[in-house]
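Visitor: FYI, the numbering used here numbers position 164 of the sequence shown as 164, with every residue one higher than the one before it. Positions of the beta carbon are idealized from the N, C-alpha and C atoms, including for glycine. Bear in mind the structure is a predicted one, so any value in this text is a computation, not a measurement. Mind looking over this structure? Questions follow.
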Amino acid sequence: MAGALCIVLLGVAGSVFTSLAHRPHTQKQPPGIAHVISATTETPSEAPPAKDTYVSTAAPNEPRYIRLPSIQAEGFIQKMGIDQNQQIAAPSNVNLAGWYVNSVLPGQPGLSIMDGHVDGLTSPGIFRRLSQLKAGDQFVIELGSGTQLNYQVASVGLVADDQAAAVLFSQDPKVHSQLNLITCGGTFNRTSKSYEQRVIVTAKLLPLSPQDAE
Numbered sequence: 001m002a003g004a005l006c007i008v009l010l011g012v013a014g015s016v017f018t019s020l021a022h023r024p025h026t027q028k029q030p031p032g033i034a035h036v037i038s039a040t041t042e043t044p045s046e047a048p049p050a051k052d053t054y055v056s057t058a059a060p061n062e063p064r065y066i067r068l069p070s071i072q073a074e075g076f077i078q079k080m081g082i083d084q085n086q087q088i089a090a091p092s093n094v095n096l097a098g099w100y101v102n103s104v105l106p107g108q109p110g111l112s113i114m115d116g117h118v119d120g121l122t123s124p125g126i127f128r129r130l131s132q133l134k135a136g137d138q139f140v141i142e143l144g145s146g147t148q149l150n151y152q153v154a155s156v157g158l159v160a161d162d163q164a165a166a167v168l169f170s171q172d173p174k175v176h177s178q179l180n181l182i183t184c185g186g187t188f189n190r191t192s193k194s195y196e197q198r199v200i201v202t203a204k205l206l207p208l209s210p211q212d213a214e
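Have a look at this one:
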């Protein structure tokens, strides 16, 4: 382990966003979304949640669980708002992913965004192996209703921290429903105790049936 927490922080000032669906980070959370995390802790829990007792706060149309079989990663999904530093909040547990509530709901037209820790102080995070995904890999987002959405990885990239926001909030105009995943990666700076790059995965929603593809 690197011995320090990695939190996904995306600067607001001076950033250039190219997303077709992006709205400024400084906006308030959308109305009607409950149980949104609006503070980032430097000491998130590292205790794996018990799958049979964890209480999800996801509404039927909200993401509840993520499964990434090709990298043997899975976990529940929390709802992320804007934290005390005017950044996208990070999950309160390194074993959980986070859906940014100011992005679209997974499965809907537009761009959805999820973040997750690469590690904690002593334990690996849910997105520890995110950089090992490859184009063509498939993964699943389960909604609160139990509906499963299948995604296919389009690209995996490592970008500098100061370029991450522009990449994260970019949507391919040819992709109807896109999901971008982000975590820390690359070089660990022991002076600043932070990672200098971000791993960003872009993925597209696969049709639920042959009829949906028409």
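1) Which of the three DSSP states is assigned to Arg23 in this structure?
2) Alpha carbon to alpha carbon, how far is Pro207 from Thr191? Give it in angstroms, no decimals.
3) Quick check on DSSP: helix, strand or coil for His167?
4) Roughly how many angstroms separate the alpha carbons of Thr187 and Gly146, rounded to a whole number?
5) Determine the DSSP secondary structure at Ser177, reduced to helix, strand or coil.
6) In the DSSP output, which residue or residues are listed as bridge partners for Asp119?
7) For the putative contact between Thr94 and Gly125, defined by C-beta atoms under 8 angstroms, what is the C-beta separation to the nearest angstrom?
8) Pick helix, strand or coil for Ser70, following the three-state DSSP scheme.
9) By the DSSP assignment, the beta strand (DSSP E) with Phe194 in it spans what residues?
Guide: A quick look at the data gives this:
1) Within the sequence shown, the letter at position 23 stands for residue 23. Residue placement at Arg23 cannot be trusted, given a pLDDT of 40 that sits under 50; what the coordinates show is reported in the next sentence. Assignment of Arg23 by DSSP, reduced to helix, strand and coil, places it in the coil class.
2) Mapped onto the sequence shown, residue 191 falls at position 191. Mapped onto the sequence shown, residue 207 falls at position 207. Inter-residue distance for Thr191 and Pro207 is about 46 angstroms (C-alpha atoms, whole angstroms).
3) Reading the sequence shown from its first residue, position 167 is the one you call residue 167. In the sequence on display, residue 167 carries Val and not His. Helix at Val167.
4) Position 187 of the sequence shown, counting from 1, holds the residue named residue 187. Position 146 of the sequence shown, counting from 1, holds the residue named residue 146. C-alpha separation (whole angstroms): 38 angstroms.
5) Here residue 177 is taken as the residue at index 177 of the sequence shown, counted from 1. If DSSP states are grouped into helix, strand and coil, Ser177 belongs with the strands.
6) The count along the sequence shown starts at 1 and reaches residue 119 at position 119. Note: Asp119 sits in a beta bridge opposite Pro124.
7) Here the question's residue 94 lines up with position 94 in the sequence shown. Here the question's residue 125 lines up with position 125 in the sequence shown. At residue 94 the sequence reads Val, which differs from the Thr that was named. Indeed they touch by this definition, with Cβ atoms about 4 angstroms apart.
8) Working through the sequence shown from its first residue, we reach residue 70 at position 70. It is helical.
9) By one-based count along the sequence shown, residue 194 stands at place 194. In the sequence on display, residue 194 carries Ser and not Phe. According to the DSSP assignment, Ser194 belongs to the beta strand (DSSP E) that extends over 194–205.
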